[in-house]
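Contents: one structure, followed by commentary.
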Amino acid sequence: MLSRVAESVFWMNRYIERAENYSRFIDVNHQLSLDLNEEVPNQWLPLVHTTGDIELFEKRYSSPSPVNVIRFMTFDEENPNSIFQCLSRARENARTIRENISTSMWEVLNEFYLFVKDYRKVYMESSALHGDTLSMGLSDFLSTVRKSCQSFYGCSDATISHDEVWNFSLLGRFLERADKTTRILDMKYFILLPSVQDVGSTLDLLQWLSLLKSASAHEMYNQKYKRVDPTDIAEFLILNETFPRSIFFCIQEMQEALEKISGIKEGLPRNLAQDATTVYLNRLRSENIKSIFDKGLHEYLDDIQIELNHIGSKIVERFFTN
Amino acid sequence: MFIADYSAKNIYDEMFSSEGFPRKSYDFVKTKMESLGGIELVKRSTSAERALMSLGITFTLYGDGGEQERIMPFDVIPRIVPSEEWVSMEKGLKQRIQALNLFLRDIYGEGKILKDKIIPRDLIESSSGYLKQCIGLKPPKDIWIHITGTDLVRDGAGAFHVLEDNLRCPSGVSYVLENREVMKRTFPELFEKLNIRQVYDYPYHLRSMLENLTDVVDPVIAVWTPGVFNSAYYEHSFLAQKMGVYLVEGSDLIVENHKVYMKTTKGLRKVDVIYRRIDDTFMDQSSFRPDSLLGVKGIFEAFKRGNVALANAPGTGVADDKVIYSYVPKIIKYYLGEEPIIPNVPTYLCSEESDLKFVLENIHNLVVKAANGAGGYGMIIGPKATKQEQEDFKELIKADPRNYIAQPVLNLSTVPTLIADKIESRHVDLRPFILYGKDIYVMPGGLTRVALRKGSLVVNSSQGGGSKDTWVLG
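Protein chains in written order, with numbering that gives the first Met the number 0: chain A, 0 to 321; chain B, 0 to 473.
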C-alpha cells in the first residue's frame, strides 16, 4: 500500500473518531446543564480545556457561554477540530484515497459531510436571524453525528478487506480514541478545580456520571461496579481489558493492527512503532489504580498523552515518510 | 402533451425527423416520456441529481459566494444512436485509430509519409505535440495510442463528422459509466424493455489493454494523476478503483536504475504499467520541462529502456494537433489504402496562404481554433463574436498562422432536453472511447455532451456544458 494512502486512511479515521467524541462531549454536557437546577459557573469551559484548544477559543470568543462553546466545537470554521472541520478533512482524505475504499463507505461519509454542512448553514442563518439559539435541535443533530460515525465504521468493517487499509484505519481510530478517553477523564480535573468543597455531593456524583456517559461507558460500568466511585471509574476507563474505549483496550488493538501490518512473527526484528506499543502495554499490565492515584490522576493522564504522542510519531516515521 | 410543443426546425434532431415524427429508435422512449408526464420527469430528474450528489460526482466552482460544489449537469433524456449507424461509426473509428497509430510509428521512425511529401515536414516539426525525444522510440507492441476519445458531430443533414481526435488524456469516460448507473435507477422500465448495449465492462477492457503492454506476469499497474486539484481527479480515482489498481501521484514514484518504483508502507515496489493522466512535458523533469512539479525524474528513460510501459505513449500529441487533423483522411488513404469511413469537418489551414486570406475575410462565418487548444479555450465562434473580438482574433492569427485552423460553423444536431420543467432542444456532440490493445475496442455509445445554454454550440463542461446518457440499441 502507498505510504501516502496509509497516512490518509489513518487521518480519515482519526477525524471521524474525533467528531464522534466531540458530539458525545457536547451532548453530555448539554444534558447535564439541563439537569442542574442552578446555573453552575463555567460549566462549559472545561469542555474546551478537554479538547486542548483553549487558546484558540479565547482568541475567538469573549466568554465561555454555552452558545460560544457549542458553536466553537460544532461549526466553527476556524477551529480545525470542530465537528464540521473534522468532517471536511475526513472527507477530503477519503477523496484522495477513494480507489482504496468501497463506494458504500464513500457514500456514507459523503452524505454525512453534506448533512453537517447543510445543518451548519441552517444553524448559522437562523442564529443570525434570531440571535444565538442554543438547544434548537442540538441533541438530534449530535445524535445523527454519532450514528453516522457508527455507520461509517460498520460499513468499513463489512465492505473492505481486512488488510492494510483496514489495519491503518484501526490505528487511526484507536490512537484518537485513547487520546480522547484520557481527556474525558481529565475533564473532571478541570471541573473539580474551582469547587473542591463539592466532593461527594450530588453535583459531584452527577459530574462523574456524565463523564462515564461521555465515554459511552456508563452501562458497561454499571454491569461491573455497584456504585459511582471515582477510583472505579478511572480503573474502568484506563485498565479494563474488554471495554472498547479503555486505554488498555485501545493500545491492545493498536498493537494487534501493527502486528498484522508488519506481518513480522515473534523472534524477528520488529519495527519501532510495534516496540513502542508493546512496551507501553506491558507497563499498563503492571499497573493498578491505587498506584495511579498515588501518583496523581492528572499527572498520570499527562503521561499517557506523552506516551500516545510517542507511539504516533513512531507510526509516522516508520510508515508515512520514506 | 409537453413534448408536443417541441420544435426542431432547420436542424437535425436526434429524436424527431424534419416532419416532426419521432425516429424509429426513439419510438418507445418518446411514448414512455410522454406517459410519465412533465411532473414525474422533473421528479425523477431531481432524484437522479441527488444520487449524483451522494456519490460525490462533483466538481468545485470558485466564485463570489466562495466555494461551491456542483454536480456535472446531467440530463435524463437519453441520446440514442441507432444500431445501423453505430456499426459504421465503430468501423470508422477503428480505421482512424489504426491509421493514426501507423502514422505515429512512421513519423518517429522512418518518416516515409514525409519523404513521400504527403505531409510537409515542417508542419510536423513545428507541432508542439511533436517530441524530438521520441524519435526512434519503440513502444511496447508498437502501439502508441492506447486510449482515445474522438469527438464526433452531426452536420445539418445528419451525417457524422470527426471534429477532433483526443489522443493524449481524453476525459469523460467515468461520466459515461456513472450516468448509466443513475439512468438505470431512474428509468428501470426503459432498461427492462429496450436492449441497450452495456458499458459497465469498460474498466475491464482498459485493464486488460494495459496488461497487454507488458510481459510481466501479474504486473503492477498504476493510474498516474496530477493530484486531487486536477479537474479530472474524480475520473482518475474512479478508473483506478474500478480496475483495482494503484492511483499514484508523481511524489509517490521514484526511478532507480532506470526502473520505476512506488513508495509503499513496505518499502519500494516496482511498477510495470502506468496509465498516465498527465501531459507529456510535465512527466519528467530530466527529459522535458525541468520546472514541472508533478513529474518523476528519469521516467522517460525508464520507458525508453522498456522497463515501464506508458499509456498513452509520449509524443502522441502531434497527431491530434488540429493542423495535422486536417490531413487524417490522407493519412488513412496512405497507410491503409482505404477511403475514410467518417469524414472530417472541412478545415482551412491558416498556414496556407490562400486559406489564410479566406479565413481573415470570412472570420464572421467561421469557427477558428488554436492548433493545440482544448476545453473551448483559444477559439472564436465568428458569428457570435463582436466586431472587436473578430479584429483582435485576426491579429492573433496573423502573428502565428501555423497555430490556427478554421472550420465552418456546424449546425450541431439537437436532442430534447429537460430545462426547468420544459422540454427544449439543445445541441450535442458525441465522444466515444476507443481502446487499442490486442484488438481495438470501441465502447458502445460514449459521452454525449450537451450545450445547456439556449442556442449555444459549446458543449465543454468547463464552459457550462452537461451530459446525457448515450444508448446504442440492439
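C-beta: ideal position from N, C-alpha, C; glycine also.
Please read all numbers here as calculations on a predicted model, not as lab measurements.
Practice problem: Name the two residues that bound the continuous beta strand (DSSP E) containing A/D274. | Solution: What you label residue 274 of chain A is simply residue 275 of the first sequence in a count that begins at 1. Segment L271 to S285 is the alpha helix (DSSP H) holding A/D274; no beta strand (DSSP E) there.
Quiz item: List, in order along the chain, the chain B residues whose C-beta lies closer than 7 angstroms to that of A/L318?
Solution: To locate residue 318 of chain A, count along the first sequence from 1; it is residue 319. The sequence as given places Phe at residue 318 of chain A; Leu does not occur at that position. Near A/F318 (Cβ distances below 7 angstroms), the residues of chain B are T264.
Quiz prompt | Nearest residue (CA-CA) to B/D121, options B/I323, B/F186 and B/C133 | solution = For the purposes of this step, residue 121 of chain B is taken as the residue at position 122 of the second sequence. Nearest C-alpha to B/D121: B/I323.
Quiz item: Name the chain A residues whose beta carbon is nearer than 9 angstroms to that of B/Q94?
Solution: Counting from one through the second sequence, the residue named residue 94 of chain B turns up at place 95. For B/Q94, none of the residues of chain A pass the 9 angstroms Cβ criterion, the least Cβ distance being about 34 angstroms.
Self-check item: Supposed contact pair A/L174 and A/R13 - C-beta distance, whole angstroms, cut 8 angstroms
Solution: Position 14 of the first sequence, counting from 1, holds the residue named residue 13 of chain A. Position 175 of the first sequence, counting from 1, holds the residue named residue 174 of chain A. For a cut-off of 8 angstroms, the C-beta gap from A/R13 to A/L174 is around 7 angstroms, short enough to register as a contact.
Quiz prompt | In DSSP terms, what B/P169 is bridged to | solution = Here the question's residue 169 of chain B lines up with position 170 in the second sequence. In the DSSP output, where bridge partners are listed per residue, B/P169 has none listed.
Practice problem: For A/T95, return the contacting residues in chain B, with the cut-off set at a CB-CB distance below 7 angstroms. | Solution: Residue 95 of chain A sits at position 96 when you count from the first residue of the first sequence. Within 7 angstroms Cβ-Cβ: V227.
Quiz item: Could you give the distance in angstroms between the alpha-carbon of B/P119 and the alpha-carbon of B/F302?
Solution: For the purposes of this step, residue 119 of chain B is identified with residue 120 of the second sequence, where counting begins at 1. For the purposes of this step, residue 302 of chain B is identified with residue 303 of the second sequence, where counting begins at 1. Looking at the two C-alpha atoms, the distance is approximately 29 angstroms.
Quiz item: Which one of B/L40, B/F237 and B/D26 has the shortest CA to CA distance from A/R97?
Solution: By 1-based counting over the first sequence, the position of residue 97 of chain A is 98. Among B/L40, B/F237 and B/D26, the Cα nearest to that of A/R97 belongs to B/F237.
Practice problem: Assess, as a yes-or-no matter, whether the segment 298 to 312 of chain A is touched by the segment 8 to 21 of chain B under the definition of 3 or more beta carbon pairs within less than 8 angstroms. | Solution: No contact exists between the segment 8 to 21 of chain B and the segment 298 to 312 of chain A.
Quiz prompt | Test item: CB-CB of B/V344 and B/Y403 under 9 angstroms | solution = Reading the second sequence from its first residue, position 345 is the one you call residue 344 of chain B. Reading the second sequence from its first residue, position 404 is the one you call residue 403 of chain B. In this structure, B/Y403 does not lie closer than 9 angstroms to B/V344 by Cβ.
Quiz item: Which residues of chain B have a Cβ atom closer than 9 angstroms to the Cβ of A/A256, listed in chain order?
Solution: Counting from one through the first sequence, the residue named residue 256 of chain A turns up at place 257. Close partners of A/A256 in chain B (Cβ separation under 9 angstroms) are lacking, with about 12 angstroms as the shortest Cβ gap.
Quiz prompt | Own chain partners of A/V4 with C-beta closer than 6 angstroms, once the 5 adjacent residues on each side are dropped | solution = Stepping through the first sequence from its first residue, residue 4 of chain A is reached at position 5. Closer than 6 angstroms at the Cβ level, and outside the excluded window around A/V4, lie I96 and N99.
Quiz prompt | Cβ separation of B/T321 and B/A398, assumed to be a contact under 8 angstroms, to the nearest whole Å | solution = As a working note, residue 321 of chain B is residue 322 in the second sequence. As a working note, residue 398 of chain B is residue 399 in the second sequence. Reading the sequence as shown, one finds Lys at residue 321 of chain B and not Thr. Not really, about 17 angstroms apart at Cβ, beyond 8 angstroms.
Self-check item: Which of helix, strand or coil DSSP assigns to B/E423
Solution: As a working mapping, residue 423 of chain B is identified with position 424 in the second sequence. Of the three classes helix, strand and coil, the one that applies to B/E423 here is strand, per DSSP.
Quiz item: Would you say A/E19 reaches chain B, if we count a Cβ-Cβ gap shorter than 9 angstroms as a contact?
Solution: Taking the first sequence and counting its residues from 1, the one referred to as residue 19 of chain A is at position 20. Answer no: the Cβ-Cβ gap between A/E19 and chain B never drops below 9 angstroms.
Practice problem: Could you have a look at B/E255 and say whether DSSP puts it in helix, strand or coil? | Solution: The residue you call residue 255 of chain B lines up with position 256 of the second sequence. In the structure shown, B/E255 adopts extended strand secondary structure according to DSSP, grouped into three states.
Quiz item: Can you find at least 3 beta carbon pairs, one from the segment 54 to 63 of chain A and one from the segment 157 to 174 of chain A, that sit closer than 8 angstroms?
Solution: The segment 54 to 63 of chain A, when compared against the segment 157 to 174 of chain A, does not touch it at the 8 angstroms Cβ threshold.
Quiz item: Under 9 angstroms between the Cβ atoms of A/L236 and A/T276?
Solution: Along the first sequence, read from residue 1 onward, the residue named residue 236 of chain A stands at position 237. Along the first sequence, read from residue 1 onward, the residue named residue 276 of chain A stands at position 277. No. Outside cutoff.
Quiz item: Which residues mark the beginning and the end of the beta strand (DSSP E) in which B/A450 is found?
Solution: Reading the second sequence from its first residue, position 451 is the one you call residue 450 of chain B. Counting along the chain, the beta strand (DSSP E) containing B/A450 begins and ends at L446 to A450.
Quiz item: How many angstroms separate the CA atom of B/L92 from the CA atom of A/K116?
Solution: Taking the first residue of the second sequence as position 1, residue 92 of chain B is located at position 93. Taking the first residue of the first sequence as position 1, residue 116 of chain A is located at position 117. Inter-residue distance for B/L92 and A/K116 is about 46 angstroms (C-alpha atoms, whole angstroms).
Practice problem: Can you have a look at B/H426 and say buried or exposed, based on whether 16 or more other CB atoms are within 10 angstroms of its CB? | Solution: By one-based count along the second sequence, residue 426 of chain B stands at place 427. B/H426 is classed as buried because its beta carbon has at least 16 other beta carbons within 10 Å across all chains shown.
Quiz item: Excluding the five sequence neighbours on either side, which residues of its own chain have a C-beta within less than 8 angstroms of the C-beta of B/L474, listed in chain order?
Solution: Residue 474 of chain B lies beyond the stretch modelled for chain B, which goes from 0 to 473, so this question has no answer here.
Quiz item: Applying a beta-carbon distance threshold of less than 9 angstroms, which residues of chain A neighbour B/L54?
Solution: Numbered from 1 along the second sequence, position 55 holds the residue referred to as residue 54 of chain B. Neighbourhood of B/L54 in chain A, by CB distance below 9 angstroms: T102, W105, E106 and N109, in chain order.
Quiz item: Cβ of B/K467 within 9 angstroms of Cβ of B/P169?
Solution: By one-based count along the second sequence, residue 467 of chain B stands at place 468. By one-based count along the second sequence, residue 169 of chain B stands at place 170. Against a cut-off of 9 angstroms, the Cβ pair of B/P169 and B/K467 comes out as no contact.
Quiz item: So, do the segment 237 to 247 of chain A and the segment 279 to 286 of chain A have three or more beta carbon pairs nearer to each other than 8 angstroms?
Solution: Segments in contact, yes.
Quiz item: Using the beta-carbon count (16 or more within 10 Å), is B/Q284 buried or exposed?
Solution: One-based indexing of the second sequence puts residue 284 of chain B at position 285. Burial call: buried.
Self-check item: For B/M378, the residue or residues it bridges with in DSSP
Solution: Taking the first residue of the second sequence as 1, we reach residue 378 of chain B at position 379. B/K368, per the DSSP bridge assignment.
Quiz prompt | Selection from A/E306, A/F71, A/R70 and A/M253 that minimises the alpha carbon distance to A/E163 | solution = Residue numbering aside, residue 163 of chain A sits at position 164 when the first sequence is read from its first letter. Closest by alpha carbon: A/M253.
Practice problem: Rank B/L130, B/Y107 and B/G155 by C-alpha distance to the C-alpha of B/D141 and give the top, closest one. | Solution: Along the second sequence, one-based indexing puts residue 141 of chain B at 142. Ranking B/L130, B/Y107 and B/G155 by Cα distance to B/D141 puts B/Y107 first.
Self-check item: Under 9 angstroms between C-beta atoms of B/G316 and B/R179
Solution: Counting from one through the second sequence, the residue named residue 316 of chain B turns up at place 317. Counting from one through the second sequence, the residue named residue 179 of chain B turns up at place 180. Contact: no.
Quiz prompt | Bridge-paired residues (DSSP) for B/K269 | solution = The sequence position of residue 269 of chain B within the second sequence is 270, counting from 1. Under DSSP, B/K269 forms a beta bridge with B/Y260.
Quiz prompt | Cα-Cα separation between B/I144 and B/I96, rounded to whole angstroms | solution = For this step, residue 144 of chain B is matched to residue 145 along the second sequence. For this step, residue 96 of chain B is matched to residue 97 along the second sequence. When rounded, the distance between both Cα atoms is 8 angstroms.
Quiz prompt | Interface residues of chain A facing B/V247 [CB-CB closer than 8 angstroms] | solution = What you label residue 247 of chain B is simply residue 248 of the second sequence in a count that begins at 1. Simply L1.
Quiz item: For B/G249, which residues of its own chain have a beta-carbon under 7 angstroms away from its beta-carbon, when the five flanking residues on both sides are left out?
Solution: Mapped onto the second sequence, residue 249 of chain B falls at position 250. Its chain contains L293, G294 and V295 as the residues whose beta carbon lies nearer than 7 angstroms to that of B/G249, once the 5 sequence neighbours on both sides are disregarded; these appear in chain order.
Quiz prompt | Test item: CB-CB of B/A310 and B/T346 under 9 angstroms | solution = For the purposes of this step, residue 310 of chain B is identified with residue 311 of the second sequence, where counting begins at 1. For the purposes of this step, residue 346 of chain B is identified with residue 347 of the second sequence, where counting begins at 1. No, these two residues do not count as a Cβ contact at 9 angstroms.
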